[in-house]
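If you count the sequence shown from 1, you need to add 7 to reach the working numbering. Each residue gets a CB set at the ideal place from its N, CA and C atoms; glycine is no exception. Note that the structure is predicted; figures quoted are calculated from it, not measured.
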Amino acid sequence: MHCTVQKHRPGALRWACLLLGSLVAACSGEGPAPLEGSAFDVERYDLRGEFDWERSRLVATLGLTLSFTGEGPRSVVLDSAVAEVKGVRRPGGGALPHAIDPSRHALAIDLSSVPEATAGGPIELEIDYEALSGDALRAVPARLGDPVAVRAVYTVSEPLGASRWMPCHNAPSDRAVFSVAMRVDSGEALIANGDLVADDDLGAAGRLLHYETAYPLPTYLMAFAIGDFEVERGARGDLPLAVWRRRGLPGDHGKMLDELSRAIGRFEELLVPYPFEKYALVLLPDFSAGGIEHAGISFQREERSTQPALASDLLLSAHELAHQWFGDLVTVETWDDLWIKEGMATLLEQEAVRAYTDESGAGTLNGDELGVEPGDAVRDPSLAPGEKYTSGPYGRAAWLLTQIRSLAGEEAFWSALRGVLEERRFGVINTDEFLDAFAPALGPEATARARRAVASTALPSLSVEPAPAGGAFVTLRDPDGALVAPLSLAWVAPDGATREQALVPGERVEVAPRHPSELLLVDPQDRHPEWAFFGARRDLDAYAAAVAPLRVPSDAGGVERFLDVGGAHQLAALQGGLPEGLAPEQFASFVDALDADAARAVAIAAACEAARAPGLDAGVRDAWASVLAGALAEAPYSYGLDYVDSYAACGAVVSPEVLFADDWAALEAGLASGGVSDARLQFLSKFRLSPDRALRAWGRVALASSSVRARVIAIRHLTAYLDGLDPAALPAWRALFVRVLRETDVADVLGADLRAVLATSAPTAAGNGEALAALTRVLRARAARSVHAAAVCAAFALTAGDEQAFARFAAGVEGAVLADVPRSLLRAPAACL
Numbered sequence: 008m009h010c011t012v013q014k015h016r017p018g019a020l021r022w023a024c025l026l027l028g029s030l031v032a033a034c035s036g037e038g039p040a041p042l043e044g045s046a047f048d049v050e051r052y053d054l055r056g057e058f059d060w061e062r063s064r065l066v067a068t069l070g071l072t073l074s075f076t077g078e079g080p081r082s083v084v085l086d087s088a089v090a091e092v093k094g095v096r097r098p099g100g101g102a103l104p105h106a107i108d109p110s111r112h113a114l115a116i117d118l119s120s121v122p123e124a125t126a127g128g129p130i131e132l133e134i135d136y137e138a139l140s141g142d143a144l145r146a147v148p149a150r151l152g153d154p155v156a157v158r159a160v161y162t163v164s165e166p167l168g169a170s171r172w173m174p175c176h177n178a179p180s181d182r183a184v185f186s187v188a189m190r191v192d193s194g195e196a197l198i199a200n201g202d203l204v205a206d207d208d209l210g211a212a213g214r215l216l217h218y219e220t221a222y223p224l225p226t227y228l229m230a231f232a233i234g235d236f237e238v239e240r241g242a243r244g245d246l247p248l249a250v251w252r253r254r255g256l257p258g259d260h261g262k263m264l265d266e267l268s269r270a271i272g273r274f275e276e277l278l279v280p281y282p283f284e285k286y287a288l289v290l291l292p293d294f295s296a297g298g299i300e301h302a303g304i305s306f307q308r309e310e311r312s313t314q315p316a317l318a319s320d321l322l323l324s325a326h327e328l329a330h331q332w333f334g335d336l337v338t339v340e341t342w343d344d345l346w347i348k349e350g351m352a353t354l355l356e357q358e359a360v361r362a363y364t365d366e367s368g369a370g371t372l373n374g375d376e377l378g379v380e381p382g383d384a385v386r387d388p389s390l391a392p393g394e395k396y397t398s399g400p401y402g403r404a405a406w407l408l409t410q411i412r413s414l415a416g417e418e419a420f421w422s423a424l425r426g427v428l429e430e431r432r433f434g435v436i437n438t439d440e441f442l443d444a445f446a447p448a449l450g451p452e453a454t455a456r457a458r459r460a461v462a463s464t465a466l467p468s469l470s471v472e473p474a475p476a477g478g479a480f481v482t483l484r485d486p487d488g489a490l491v492a493p494l495s496l497a498w499v500a501p502d503g504a505t506r507e508q509a510l511v512p513g514e515r516v517e518v519a520p521r522h523p524s525e526l527l528l529v530d531p532q533d534r535h536p537e538w539a540f541f542g543a544r545r546d547l548d549a550y551a552a553a554v555a556p557l558r559v560p561s562d563a564g565g566v567e568r569f570l571d572v573g574g575a576h577q578l579a580a581l582q583g584g585l586p587e588g589l590a591p592e593q594f595a596s597f598v599d600a601l602d603a604d605a606a607r608a609v610a611i612a613a614a615c616e617a618a619r620a621p622g623l624d625a626g627v628r629d630a631w632a633s634v635l636a637g638a639l640a641e642a643p644y645s646y647g648l649d650y651v652d653s654y655a656a657c658g659a660v661v662s663p664e665v666l667f668a669d670d671w672a673a674l675e676a677g678l679a680s681g682g683v684s685d686a687r688l689q690f691l692s693k694f695r696l697s698p699d700r701a702l703r704a705w706g707r708v709a710l711a712s713s714s715v716r717a718r719v720i721a722i723r724h725l726t727a728y729l730d731g732l733d734p735a736a737l738p739a740w741r742a743l744f745v746r747v748l749r750e751t752d753v754a755d756v757l758g759a760d761l762r763a764v765l766a767t768s769a770p771t772a773a774g775n776g777e778a779l780a781a782l783t784r785v786l787r788a789r790a791a792r793s794v795h796a797a798a799v800c801a802a803f804a805l806t807a808g809d810e811q812a813f814a815r816f817a818a819g820v821e822g823a824v825l826a827d828v829p830r831s832l833l834r835a836p837a838a839c840l
């Protein structure tokens, strides 16, 4: 273990080694009790610097203001994984002894000579340092194959990344004021938390931009980004709104502003007024996560944030916006409490999109939108901070909150949340305190169940046995106490009367109609995930055969009732097909009357299946063809496209080649100047062309489109053709995917393309020579480092067990600048398996 002390006074080396207990043996050869730093609170971080693109480093000085909060030695230990600490001093001079422990990512500073340290006042110090770009400080140059050739550098702080770009106290409970002043080149801009307080023209040296917050933040919410940005600006009242993106990035940014404004209005209705001075959505390249919130600004992945007409984009943007209340205004006390902010954001994102999912105001609670996995707990103290981001703090936590909501009632639930936000404004909250907020509305028994559910890992299970007379026998089990609210069923009779059935854990319940036209609602409040999460394959098959058909109306009267049950129930039912007997001439009005765009999009897919049913009368089939041609020509309900696997069945009754002839012609031209939006491409990708036509059209998009997202859509769509492709056609497809490897360093494109390269691979290393050569180029491209590990594993697969071929490949990338993981995989590629 190496001990580094710079500019130390006499005795400082001995002090530093004692301070960092793990260094004692290395520094002195003795083993006295280690001296730890005292407890402290940081009050301000004032960061000044610039990014050196030639060396890919942030060169900075950090002003730090802190106070001791405990007894003990007048020393502090900061979290620091920066590349180099050049000096620590009092403002204006006065070097302070310090020590660095790289293994602990710690910077220890002796403050015993500082008068304020003993007097109890705030202490100011400055740290000169350099931080290397990497996962937490992303530096993305203008990349090969990127239609937007604009560089950008930005921070990724959550959960512990801040210490890689700034020495800090990396605890979510320690909030401090943050300011950042950066020199940027002419034509570039800086976006960060807080207000822009200075913009100084430095002439040929560029500009000095300075942001500062008027409120304290934990370090994981501090952020900045630098680049040549275009800004779409708007406002909600006196609140400035903006979408920042690299100059030239295509997308419907004005519509995104409209959606953000509407979502803020919804969240303010439910919670408290928006708490910060601005809201800026910043779209960034090569972003490792979908999105990360910071106070007043959210960073999101370019490829998932430009099309608010798509559910995936809108939900992501709404999720990060929701964190402005839970996560930013009120912060979690420890990372074990992560579920509070992520669960609330997952719940709130669905509230932001009710215009698309609950048009009638049926008031269902969006449980069907939640994804849960067995083994993931809402709160899992055994996991390190970076490992906690499972389905537990997200879908499972939102499920717990939705159950609490259903039991507490709307008024009490939202009132409790408003109380949390008002009482703990710019403060923290932990799990027990958060659950205590709902206790008055829940009562002791339900509160106890909620506390148990926080730690549960197993999911409830449903066993389904078809009943001889129709319907099924269903048995619910909840071995780990995940259920806080009961799972129930409801039956809607022809006269509109409703009867309910409770599924009591351990009891075998008969699920069957009392009248042939009774309509089944599974989980009528929609407070639980869909049954697919709770059943084994055998039981899910039995459910699909015996229970799911009971959710679909079987007569005209049933259809009227079905149109009143809410979008969640309509969506679930229509995934099994259209109502029995629905005629083509009734389809348009039926779709219009549905409660959710997802249900409408799925209804079109169901109609295509109905239209191609064997034995269907030719006249009826022709009628369906006419109706569907009209519906598809309008390309409606883009929000629901994520719920549709494919419209390939439509090709049996309409010709997508004829219907969208102009689109295919545009695709074959490559879309180098746009012309077809990414949302439209997502719709077109739901259809199947002949393989030759698909390769011509989508292949050009993969190589030439002005949108990275369009290129990814094209590659993924083409990959779907590979199963069953004529072997004689395979070389042309392989050549396309290898060409993409040669012509781009864009991580998102390469990630999609690597899967396609593997799917079209030859059986031997020799047959994959061109692909291996292209992968060598990828590994030598620093701009492609996000996919280097995947590229090594792809090469290992392409060498097909030929150890000598892989050794030659590894030798071919000798000298490439690689991170630890891909370098390790080159030495031991079996770890890829």
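- Going by DSSP, Leu209 is part of no beta strand (DSSP E) at all; its letter is neither H nor E.
- For Leu209, the number of other beta carbons within 10 angstroms of its own is below 16, and it is reported as exposed.
- When Cβ pairs closer than 8 angstroms are counted between the two stretches, the stretch 44–51 is seen to touch the stretch 73–87, the count reaching three or more.
- Residue state for Gly241 is assigned as strand, using DSSP reduced to three classes.
- Take the alpha-carbon of Arg361 and the one of Val572: they are about 15 angstroms apart.
- When only Cα atoms are considered, Gly79 and Arg97 end up about 21 angstroms apart.
- The beta carbon of Val820 lies closer than 8 angstroms to those of Thr783, Leu786, Arg787 and Leu833 in the same chain, with the five residues before and after it left out.
- In this structure, Thr464 sits near Gly382, with a CB-CB distance shorter than 7 angstroms.
- Annotated as distal: Arg308 and Asp320, with beta-carbon spacing of 7 angstroms or more.
- Counted as a single uninterrupted DSSP element, the alpha helix (DSSP H) harbouring Gln577 occupies residues Gly574 to Leu581.
- Under the three-state reduction of DSSP, Gln410 is assigned to helix.
- Looking at the DSSP output, Pro473 bridges to Ala479.
- In this structure, Phe441 lies away from Ile304, with their beta-carbon atoms at least 7 angstroms apart.
- A distance below 7 angstroms separates the beta carbons of Lys693 and Ser653.
- Its chain contains Glu239, Val250, Arg252 and Thr313 as the residues whose beta carbon lies nearer than 8 angstroms to that of His260, once the 5 sequence neighbours on both sides are disregarded; these appear in chain order.
- By the Cβ test, the stretch 363–383 is in contact with the stretch 393–413, since at least three Cβ pairs between them sit closer than 8 angstroms.
- Around Glu567, the same chain offers no residue with a beta carbon nearer than 6 angstroms, after the five sequence neighbours per side are excluded.
- For Trp671, the enclosing alpha helix (DSSP H) stretches over residues Ala668 to Glu675.
- Of the candidates Ala359, Gly168, Leu469 and Gly255, the residue whose Cα lies closest to the Cα of Ala549 is Leu469.
- Counting of Cβ neighbours within 10 angstroms places Val499 among the buried residues, the total reaching 16 or more.
- Taking 7 angstroms as the cut-off, the Cβ atoms of Pro467 and Ala489 count as close.
- Pro292 sits away from Val163, with the two beta carbons spaced by 7 angstroms or more.
- Non-local beta-carbon contacts of Leu322 in its own chain, meaning distances under 6 angstroms to residues more than five positions away in sequence, involve Glu356 in chain order.
- When DSSP reads this structure, Trp740 sits in no beta bridge, so it has no partner.
- If you ignore the 5 residues before and after Ala462, its C-beta comes within less than 7 angstroms of the C-beta of Ala384 and Arg386, all in its own chain and listed in chain order.
- A Cβ-Cβ distance of about 7 angstroms is found for the pair Ser324 and Met263, placing them in contact under the 8 angstroms criterion.
- Non-local beta-carbon contacts of Gly241 in its own chain, meaning distances under 6 angstroms to residues more than five positions away in sequence, involve Leu248 and Leu264 in chain order.
- From the listed residues Ala115, Gly583, His535 and Arg64, the smallest Cα separation to Val84 is found for Ala115.
- Per DSSP, the unbroken beta strand (DSSP E) holding Phe306 starts and ends at Ile304 to Arg308.
- Separation of the CB atoms of Ala169 and Ala90 is rounded to 15 angstroms, and the pair is thereby denied contact status at 8 angstroms.
- Here the alpha carbon of Gly478 sits roughly 7 angstroms from the alpha carbon of Pro520.
- Distance from the Cα of Ala329 is smallest, within the candidate group Ala359, Ala113 and Pro315, for Ala359.
- For Pro591, the secondary structure class from DSSP, reduced to helix, strand or coil, is helix.
- Pairing Leu557 with Pro512 gives a Cβ-Cβ distance that is not under 7 angstroms.
- If you look at Phe58, you'll find it in the beta strand (DSSP E) that goes Phe47 to Asp59.
- Annotated three-state conformation of Gln811 is helix, per DSSP.
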